[in-house]
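K.L.:
Structure provided below as structure tokens; questions to follow.
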Amino acid sequence: MSYLMKNRYHNQKNIGTEQSSFFSREQHNFLHFPVGTQQLEDNISCVLRNFWPTSNGPSIRGGCRRICTLNHRSNIISAFSYCSSSQQRIFLANHREIYDVTNASLMQPAIRCLSGMQSGDWSTFHYTTPEKTFLIALNGQDERQIYDGNDWKSDYPPIVCEGHSDINPIYFSYGWLFKNRQWYIAADSMDAWYLPVRSLGGVAKVFPLGGVMQAGGSLFAGFSWSTESGDGLSTLCVFLSTLGEVAVYGGDNPDSIDSFALKAIYHIGRPLGKKAIIFVKNDVWIATTNGLISMKNILLQGEGANLPLSSAIQEEWNQAIMEVPTGWSLTLWEKRNMLLVSCPQHSLLSSKTLVMNVDNNNYWASLHNWFTQSYVIANDNLFFGDYEGSFWQGDISGSDDNRPFQAIYLSPFRESYSYLGVKRKACQAHISLQAYQRPYLKLFSRSDYDKSYPDFFKETVNANPINSGLWDNSIWDESQWTDNFFIRKKKLFNFSQNVVAYGNFLAVGCVIVSSGKFINDIQINNSKLLVE
């Protein structure tokens with residue numbers, strides 16, 4: 190499976206001659222493949238494997254470091270964080286337990302907080318009072334769990350569902366805040382429940398949507414969404430069904446039909462997971478069977494507005510849905526400006542994460558060798574739990590747990606024009622990149638949409654790390670403060686190697702093997718092919 194990053198052939202004129210650019214020597218003999226800010230729109234893609242798709246060009250990702258392993262080496266299903274004004278904590282959940290891994294290490298085991306749970310598929314949200322910040326966790330099969338910064342408590346203070354018997358308790362699968370009021374989704378039903386304003390517990394009232402959503406299924410999730418309309422900025426309450434029906438309500442008091450009314454009904458693809466909903470700037474994105482959907486684009490309804498944000502990788506997106514139809518997760522890493530799309534364990538997708546640059550949905554890549562469905566951000570750093578109960582920090586070193594990994598770039602395929610109508614031959618590849626030291630790499634060329642890559646094993650190790658002396662990124666007791674840290678800059682390196690490829694459409698690529706304790710911060714600038 191390949192992953193895409195849109196690009197376009199860079200048209201350069203032969204300045205100083207009256208001949209057209211097509212017949213200039215530079216244009217006739219070279220195919221150019223600019224990246225980053227020089228890219229223009231096109232429908233042709235390239236492969237980015239273990240690169241971050243930054244706006245300035247592909248940048249090789251960092252490796253991962255194991256922090257600890259839980260007592261039960263089972264799949265980590267959920268990862269989430271608690272964030273108050275005074276502390277942040279990280280929690281991992283398998284199918285039975287929740288662990289606090291904030292201060293865990295290989296020598297210090299994680300703290301088990303809860304056990305005996307029926308599911309590890311937790312969704313969470315924060316609720317803050319003048320005294321405390323609470324983390325509320327829901328899985329649809331157990332009572333809601335509440336963390337107050339010190340202890341976990343089971344549904345305390347309790348919720349009493351108005352008019353409902355305790356013989357068959359209601360379990361909530363999803364929750365959110367809307368105008369100082371907590372809302373909950375009752376598992377496997379078309380009922381939402383809401384608490385009084387500024388209440389952590391108490392009597393909850395039902396808000397049935399079975400008569401509103403006509404497609405069937407059950408309620409899946411909900412969220413508060415602020416958007417610009419003809420009346421100015423408004424905050425709406427959105428309900429989402431398992432079949433992709435979206436009901437949008439406006440107002441503030443669900444007790445009164447006059448102050449809480451239906452505004453619109455929309456239909457999107459089936460949502461791929463209750464953690465597949467993410468707030469990005471002033472928008473809400475939802476991973477669905479139709480692609481990555483923007484709520485803002487749903488409202489616009491203009492030409493091209495309904496194209497999914499994942500249109501650049503739609504073929505790969507659809508293939509992933511066939512393999513794993515539910516349980517997807519979206520994680521926003523604002524420090525990197527990246528959206529990570531992860532799926533539950535599967536033999537074909539177990540080590541792959543889709544990554545998108547949130548400023549430009551044309552820029553996609555794939556991360557490999559990280560066996561996870563559960564990412565979490567804490568203190569602006571990236572962490573994840575794997576399928577065997579281990580807790581990791583990502584993008585922190587030059588290798589994956591002291592094992593090297595390959596980063597692969599393959600440009601778009603460009604038509605190699607020939608006025609004689611014969612296939613062209615790629616004979617020499619050129620690439621320029623920025624790095625702190627000259628890396629080892631293998632250049633290659635491919636023709637007619639062959640996306641294979643050659644073997645290459647020579648490792649690049651960052652011997653003079655830029656993160657030496659950088660707080661929260663350095664290795665304790667190993668990194669040193671350096672006087673030249675603040676003035677050190679990347680250098681530009683140019684590479685040229687002989688290659689062979691015949692075809693009507695040609696592409697250029699490179700393989701870099703990253704290793705070592707420190708991140709190999711390497712960014713690709715441009716590439717070109719000499720053709721005959």
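According to my numbering, the sequence shown is numbered sequentially starting from 190.
The beta carbon of each residue, even a glycine, is placed where N, CA and C say it ideally should be.
Small disclaimer: the values here were computed from a predicted structure and weren't measured.
1) Out of curiosity, what's the CA-to-CA distance linking Arg-262 and Ala-268?
2) DSSP state of Trp-744, grouped into three classes?
3) How long is the line joining the alpha carbons of Ile-325 and Gly-391, rounded to whole angstroms?
4) On the three-pair Cβ rule with 8 Å, is the region 625-643 touching the region 696-714?
5) Just how far apart, CA to CA, sit Gly-590 and Ser-704?
6) Check whether the Cβ atoms of Thr-162 and Gly-458 lie closer than 8 Å to each other.
7) From Ile-266 to Lys-394, what does the alpha carbon distance come to, in whole angstroms?
8) Would the region 483-492 and the region 461-475 be scored as touching if the rule is three or more Cβ pairs under 8 Å?
9) Where does Ser-500 fall in DSSP's three states?
10) If distances are taken between C-alpha atoms only, which option among Cys-272, Ser-563 and Leu-632 comes closest to His-315?
11) If you reduce the DSSP assignment to three classes, tell me which class Ala-596 lands in.
12) Taking the alpha-carbon positions, what's the Ile-620 to Val-236 distance?
13) Is it the case that the CB of Leu-237 approaches a heavy atom of the ligand ZN more closely than 7 Å?
14) Cutting at 7 Å between CB atoms, please list the residues of its own chain near Pro-533, excluding the five before and the five after it.
15) Apart from the five residues on each side of it in sequence, which residues of its chain come closer than 7 Å, Cβ to Cβ, to Lys-152?
16) Fully enclosed by the region 358-385, which beta strand (DSSP E) runs are 3 residues long or longer?
17) For Phe-240, which residues does DSSP report across the bridge?
18) Could you check the C-alpha separation between Gly-251 and Gly-439 for me, to the nearest Å?
19) Look at Glu-434 and Ala-404 and say whether their C-beta atoms are less than 8 Å apart.
20) Helix or strand or just coil, what does DSSP make of Ser-311?
21) Take Tyr-629 and list the residues in its own chain whose beta-carbon comes closer than 6 Å to its own, dropping the five residues that flank it on each side.
22) Grab me the residues of Trp-311's own chain with a C-beta within less than 6 Å of its C-beta, minus the 5 sequence neighbours each way, in chain order.
23) What are the boundary residues of the beta strand (DSSP E) that includes Leu-220?
24) Arg-278: which of Phe-682, Leu-556 and Asn-568 sits nearest, CA to CA?
25) In the DSSP assignment, find the alpha helix (DSSP H) that holds Leu-489 and state where it starts and stops.
26) I'd like the list of long-range same chain contacts for Cys-616, defined as Cβ closer than 6 Å, with 5 residues on each side in sequence excluded.
27) Please state whether DSSP places Gln-534 in a helix, a strand or coil.
28) By DSSP's criteria, Ile-566 is part of a beta bridge. Which residues make up the other side?
29) Which of the three DSSP states is assigned to Met-511 in this structure?
30) May I ask you to report which of helix, strand or coil DSSP gives Trp-559?
31) For the beta strand (DSSP E) that contains Leu-398, what are its first and last residues?
32) Could you tell me whether the Cβ atoms of Pro-460 and Leu-488 are closer together than 8 Å?
33) Could you check if Gln-276 is buried or exposed, using at least 16 other CB atoms within 10 Å of its CB as the buried criterion?
34) May I have the straight-line CA-CA distance separating Gln-623 from Ile-713, to the nearest angstrom?
35) Would you mind stating whether Phe-240 and Ala-618 have Cβ atoms separated by less than 8 Å?
36) When burial is assigned at 16 or more other CB atoms within 10 Å of the CB, is Asp-672 buried or exposed?
P.N.:
Quick look at the numbers:
1) 15 Å
2) Residue 744 lies beyond the residue range present for the chain, which begins at 190 and ends at 721; the question has no answer from this structure.
3) 15 Å
4) yes
5) The amino acid occupying residue 590 in the given sequence is Asp; Gly does not appear at that position. Each residue's Cα considered, the two are about 10 Å apart.
6) Any property of residue 162 remains undetermined from this structure, which presents the chain solely from 190 to 721.
7) 31 Å
8) yes
9) helix
10) Cys-272
11) strand
12) 16 Å
13) In the structure shown, the ligand ZN is absent, as is every other ligand, since no ligand is present at all.
14) Val-513, Gly-516 and Gln-562
15) Here the chain covers residues 190 to 721 and nothing more, so residue 152 does not appear.
16) 361-367, 370-375 and 380-383
17) Ile-249
18) 44 Å
19) yes
20) Reading the sequence as shown, one finds Trp at residue 311 and not Ser. Trp-311 falls in the coil class under three-state DSSP.
21) Lys-647 and Thr-649
22) Ser-267, Ala-282, Ala-326 and Asn-328
23) 219-223
24) Asn-568
25) 484-489
26) Leu-719 and Glu-721
27) coil
28) Leu-571
29) helix
30) coil
31) Counting along the chain, Leu-398 falls outside any beta strand (DSSP E), and DSSP gives it neither H nor E.
32) no
33) exposed
34) 6 Å
35) no
36) Residue placement at Asp-672 cannot be trusted, given a pLDDT of 49 that sits under 50; the coordinates are not used to answer.
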